[in-house]
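The sequence shown begins at 59 in this note's numbering and counts up one residue at a time. Heads up, the beta-carbon is just placed ideally off N, CA and C, and yes, glycines get one too. Owing to the predicted nature of the structure, the values given are computational and were not obtained by experimental measurement.
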Amino acid sequence: MTKPKKITGIILSGGKSSRMGSEKGLVKYKGKALIEYSIDTLRSVCEDLVISSGNDCYSYLGIPIVRDELEDCGPIGGIYSCMKAIPSDIYFVISCDVPHVTPQLYTDLLVVLNQNQAVIPVDDQEKYQPLVACYSSSCLPVFELELRAGRLKMMKLLLKLKVHYHKIPPKIFSNSSNLFFNANTPDDIEK
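Structural data, given as structure tokens:
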């Protein structure tokens, strides 16, 4: 019998929030902190959750917080530090500012992971979503290599992995508000 794979959810909340003007994950959207939407999305599809942040303001959530091993390295640094801190087979990554992402998306990504190292959703505008994605533990050495070399662009890192780009079916976009809506500014929240 094959041992089930351990899945850990990484919630990225380590950005500077300069456009939002305050800690982005704590900004209220429809009565709830943005980060709580990401937690709710992953909680039903992951055994463990971890928050990538240099800020202790999320301690009230009772979820481990992992600080970046190397500061100011963006999402690559956050994902790498969490992968290193919490050994797992598979990592579901979500940023703290995408309140419409559903657990079903991650279930769909997992189905197509197979022999790939990562599954990256492709939205209805043909835009890749590497911060709402699925990565296997085999990605860790590539994240480390890119990080240590000072190469911090996610799209360039993906070129070094075996990636499946998963086109999201149009019906998902027509049945919900923008799945990958990203709240970056107070105006985004107001709209």
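- As DSSP reads the structure, A176 sits in a beta bridge with Y193, V221.
- Taking the Cα positions, I144 is about 19 Å away from C131.
- Of the residues T99, C104, A176, Y116, the one whose Cα lies closest to the Cα of G83 is Y116.
- With contacts defined by Cβ atoms closer than 9 Å, T66 and L107 form a contacting pair.
- Distances from the CA of L119 to each of S146, S139, E94 were compared; the closest alpha carbon is that of E94.
- Along the region 135-176, the beta strand (DSSP E) occurs as fully enclosed runs of 3 or more residues at 148-153, listed in sequence order.
- Here V177 has L167, V170, L171, C192, H222, H224 as same chain residues with Cβ atoms under 6 Å from its own Cβ, once five neighbours each way along the sequence are excluded.
- I69: member of the beta strand (DSSP E) spanning 65-70, first to last residue.
- Taking a C-beta distance under 9 Å as the contact criterion, K218 and L205 do not qualify as a contact pair.
- Only exposed fits M213, as fewer than 16 other CB atoms lie within 10 angstroms of its CB.
- Runs of alpha helix (DSSP H) with 4 or more residues, each lying fully within the region 91-133, are found at 92-101, listed in chain order.
- For K86, the beta-bridge partners assigned by DSSP are A91.
- In chain order, V103 place their CB closer than 8 Å to the CB of T165, counting only its own chain and leaving out the 5 sequence neighbours on each side.
- Distance from the CA of F238 to the CA of V156, rounded to the nearest whole angstrom, comes to 6 Å.
- Comparing C-alpha distances from G208 to each of P133, I148, S194 shows the shortest one belongs to P133.
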